[in-house]
Amino acid sequence: MPEGTPVMTAASAATLPPSVTDLRRRLPADFAFGTATAAYQIEGAVAADGRSPSIWDAYCERPGAILGGDTGETTCDHYHRYAADADLLGWLGARFYRFSISWPRVLPEGSGRIEQRGLDFYRRLLDALDRNGVEPWVTLYHWDLPQVLQERDGGWAARSTAEAFAEFALVVHDALGDRIAHWTTLNEPFCSAFYGYAAGTQAPGVVDGPSAIAAGHHLMLGHGLALRAMRERRPDHRFGVTLNLSPVEAATAAAADQDAARRIDARRNRFFLDPILRGSYPADMVAELPQVDWEHLVRPGDLATIAQPLDLLGVNYYRRFVARAADPSGASAASASPAADTLVDAEAPAAAEPTPHVGCEDVEFVATGRPRTQMGWEIDPEGLTELLLRLHRDYPVPPLYLTENGMAHADEVGADGRVADPERIAYLRTHLEACADAIDRGVDLRGYFAWSFLDNFEWSLGLERRFGLVHVDYETQQRTPKDSAYWYRDLVAAETPRLRGTANRTEVLGAEHVRRSTAGVDPLAAPLQDLVTTACWGTVWERPELPRPTRSLVTVSLLAALGHHDELAVHVRGALRNGCTPEQIAEAVTHTAVYAGAPAALAAMRVVVATVREASPQDGP
Ligand code: FCB
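Sequential numbering from 143 applies to the sequence shown in our numbering.
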């Protein structure tokens with residue numbers, strides 16, 4: 143655990159809301175938890191080790207493009223701090239970490255020459271994750287196209303970029319595929335295509351409808367080409383793509399509003415879902431955009447390539463859209479949502495920027511009065527359940543993973559060093575409940591990734607919008623887990639895979655021992671008790687998915703009971719490193735008395751005291 147990271151104490155554990163356990167019980171035992179980031183948003187070090195500029199470096203240079211004039215130049219400096227960040231992920235305890243690979247680090251010329259130092263960075267990161275028992279989940283493209291491909295070919299508007307992407311994907315897969323089992327090709331092609339090429343509010347900042355459609359097609363083509371090539375190499379890996387999807391509804395039953403909703407739904411959802419899952423573009427949208435040369439754009443075989451079978455579909459959910467046809471007189475504008483799109487400043491007038499929804503210039507969005515996040519987005523967990531149910535009902539979907547969900551809030555470190563963010567805890571809890579509701583109704587949802595692990599560079603909105611579970615002070619690079627990080631840590635620790643099997647006497651005794659030695663001293667005690675009542679103690683000991691502090695306490699208590707004092711000392715040191723307090727360790731050992739008698743407990747306690755003193759002489763127990 144990183145130095146200075148506060149540790150959950152027995153006292154604070156006692157004040158935990160019971161909802162953590164209740165919520166955990168509502169989700170499947172093998173539900174996968176994770177956190178997510180993206181390369182450009184956290185890495186910084188934009189000129190290190192041969193990396194070439196990406197379209198975001200270029201876009202950040204445009205005057206006024208990024209709120210506050212921020213850039214991704216340093217952001218969280220994760221490129222240099224990855225090891226401590228990986229330790230922090232280990233402390234958090236979620237099984238997966240979803241991060242993206244920077245294309246210009248690996249192929250600085252877009253294609254061709256491989257920059258080994260770029261690949262080496264990701265291998266170091268993988269090692270650090272591995273040391274912390276965290277599984278990698280890779281996104282190949284999270285928006286940082288090499289600028290050279292933008293300048294040379296026009297970026298995603300050009301077909302050649304799809305082919306270059308497949309090359310990049312295979313280079314990364316060949317180099318790191320021995321260590322990564324979960325791969326998503328693209329993150330949110332909607333944003334890359336429609337904010338990047340129609341609204342111009344994201345890199346590369348182009349404003350041209352047909353280019354946006356071309357970019358969308360080439361992104362999906364690149365996805366299909368890459369996925370096919372990677373799967374040929376490793377059919378055992380799990381491949382998918384992440385889409386940002388939203389429920390879209392009409393503001394009223396009026397025909398014009400219904401039609402507005404249909405058109406927005408086509409651009410945001412069906413334009414991606416239909417080709418990827420069904421192998422066709424939505425006919426209504428194709429017919430509505432005659433300015434697009436569809437025949438030239440979509441070549442024979444493209445749709446079959448795009449519709450590669452998926453092992454998983456990543457869904458990013460942030461909000462719903464309520465659409466209506468704008469009053470041509472402009473009279474309705476005052477009541478329309480000020481944050482019409484996901485990436486405009488909440489304070490900016492909706493009409494100030496071109497719409498990303500090509501061919502929907504006459505559509506505006508209506509606020510529903512729900513509370514909003516710092517992004518101006520309405521908080522709407524029911525929308526998530528609706529969305530998941532729709533996918534389940536209307537599309538032949540593979541297993542689903544919520545690959546992003548979270549909220550921005552103006553979090554600050556308080557005088558006591560704590561970051562209190564009850565709003566985010568409520569946000570995460572209600573959205574996970576929405577996941578549970580969908581699962582109850584038959585949706586095959588397998589996991590949830592909180593956006594984001596760290597506060598980071600929020601694209602056009604710069605460093606001011608804070609999405610992290612962990613607060614980042616950009617001046618000092620100090621990381622401070624927010625209250626939501628403790629909450630999430632607690633939730634993921636409550637993973638309760640029930641091991642079945644016949645318990646023999648030893649196992650029952652072991653389980654009882656574990657139950658007593660962790661009760662009241664660890665926030666995981668309750669779920670762990672559930673686990674151990676049906677589990678063999680040895681198996682508990684060896685379950686890698688249990689959080690390290692828990693395994694440490696279990697191990698310490700068992701070694702104390704067995705009287706293996708040399709090993710006990712080793713594991714006491716490990717427990718301290720894993721964030722257990724001396725009090726927790728001592729408590730775990732006291733219960734030795736129940737099984738081995740008071741003298742054995744006393745002997746074990748001496749070992750604990752001596753080891754703790756040695757580890758931290760100034761503040762030993
Ligand atoms: C998504 C992006 C992610 C982050 C969140 C807030 O659209 O995938 O990088 O910016 O929004």
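Cβ atoms here follow ideal geometry from the backbone N, Cα and C, with glycine treated the same way.
Worksheet entry | Residue nearest to G347 in terms of C-alpha spacing, selected from Q292, A317, Y283, A368 | Q292
Worksheet item: If we call anything under 8 Å between Cβ atoms a contact, is I406 one with F336?
Response: Taking 8 Å as the Cβ cut-off, I406 and F336 do not qualify as a contacting pair.
Worksheet item: Any heavy atom of the ligand FCB closer than 7 Å to the CB of C502?
Response: The ligand FCB has no heavy atom closer than 7 Å to the beta-carbon of C502.
Practice prompt. Please state whether DSSP places W519 in a helix, a strand or coil.
Written response: coil
Worksheet item: What separation, rounded to the nearest whole angstrom, lies between the Cα atoms of R204 and I197?
Response: 11 Å
Item to complete: For the alpha helix (DSSP H) holding H573, just list the boundary residues, first then last.
Response: 564 to 582
Worksheet item: Could you give the residue range of the alpha helix (DSSP H) that holds G358?
Response: 351 to 375
Worksheet item: Heavy atom of the ligand COA less than 7 Å from the Cβ of F414, yes or no?
Response: Absence of the ligand COA from the depicted structure is noted, with the ligand FCB being the only ligands included.
Discussion item. Looking at Y630: is its Cβ nearer than 8 Å to the Cβ of L603?
Written reply: no
Item to complete: Using 10 angstroms around the beta-carbon of H438, count the other beta-carbons present and answer buried if the total reaches 16, otherwise exposed.
Response: It counts as exposed.
Discussion item. Check for me: the beta strand (DSSP E) holding V348 runs from which residue to which?
Written reply: Unbroken run through V348: none, as it is neither H nor E.
Discussion item. Pull the bridge partners of W593 from the DSSP assignment, please.
Written reply: A178
Worksheet item: Quick one: what does DSSP say L209 is sitting in, helix, strand or coil?
Response: helix
Practice prompt. Grab the span of the alpha helix (DSSP H) containing Q620 for me, first residue to last.
Written response: No alpha helix (DSSP H) holds Q620; the beta strand (DSSP E) holding it covers 620 to 623.
Discussion item. Assuming I567 and L169 are in contact, meaning their beta carbons sit under 8 Å apart, how far apart are those beta carbons, in whole angstroms?
Written reply: Not confirmed; about 16 Å, so no contact.
Item to complete: Enumerate in chain order the residues of its own chain whose CB-to-CB distance from T484 is below 6 Å, with the five nearest sequence positions on each side excluded.
Response: Because the pLDDT at T484 is just 39, under 50, the model does not fix this residue reliably, and the point stays unresolved.
Worksheet entry | Segment limits, beta strand (DSSP E) that includes E506 | 505 to 507
Fill in: Inter-residue spacing [alpha-carbon to alpha-carbon] between V663 and M372
In this prediction, V663 has a pLDDT of 47, which is less than 50 and means its spatial position is unreliable; what the coordinates show is noted afterwards. Rounded to whole angstroms, V663 to M372 spans 47 Å at the Cα level.
Worksheet entry | Where the beta strand (DSSP E) through T545 begins and ends | Boundaries of the beta strand (DSSP E) harbouring T545: 542 to 546, taken from the DSSP string.
Item to complete: Pick out the complete beta strand (DSSP E) segments inside the segment 194 to 280, 3 residues or longer, and give them in chain order.
Response: Correct list: 238 to 242.
Worksheet item: If you measure from the CB of Q258, is any heavy atom of the ligand FCB nearer than 7 Å?
Response: no
Practice prompt. Please confirm whether any heavy atom of the ligand FCB lies closer than 7 Å to the CB of E546.
Written response: yes
Item to complete: Spell out the partners DSSP gives L328 in its beta bridges.
Response: Y283
Practice prompt. Please name the residue or residues paired with E528 in a DSSP beta bridge.
Written response: DSSP lists no partner for E528.
Worksheet entry | Environment of L328 [buried if 16+ CB atoms lie within 10 Å] | Buried is the call here.
Worksheet entry | Which of helix, strand or coil DSSP assigns to V464 | It is a strand residue.
Worksheet item: So F307 is in the alpha helix (DSSP H); what residue range does that whole segment cover?
Response: In the DSSP assignment, F307 falls within the unbroken alpha helix (DSSP H) covering 301 to 318.
Worksheet entry | Collapsed DSSP secondary structure at A189 in the structure displayed | coil
Discussion item. In the DSSP output, which residue or residues are listed as bridge partners for R514?
Written reply: E520
Worksheet item: Just to confirm, are G176 and R690 a CB contact at a threshold of 8 Å?
Response: Between G176 and R690, the CB-CB gap reaches or exceeds 8 Å.
Worksheet item: Among G358, A357, A304, which has the Cα closest to the Cα of L369?
Response: It is A304 whose Cα lies nearest to the Cα of L369.
Worksheet item: Touch check for the segment 511 to 531 and the segment 350 to 366: three-plus C-beta pairs under 8 Å?
Response: no
Worksheet entry | M362 versus R420 - alpha carbon distance | 13 Å
Item to complete: Would you mind reading off the limits of the beta strand (DSSP E) that contains A392?
Response: 390 to 392 is the span of the beta strand (DSSP E), which, as asked, contains A392.
Fill in: beta strand (DSSP E) segment containing T384, residue limits
Going by DSSP, T384 is part of the beta strand (DSSP E) stretching over 380 to 386.
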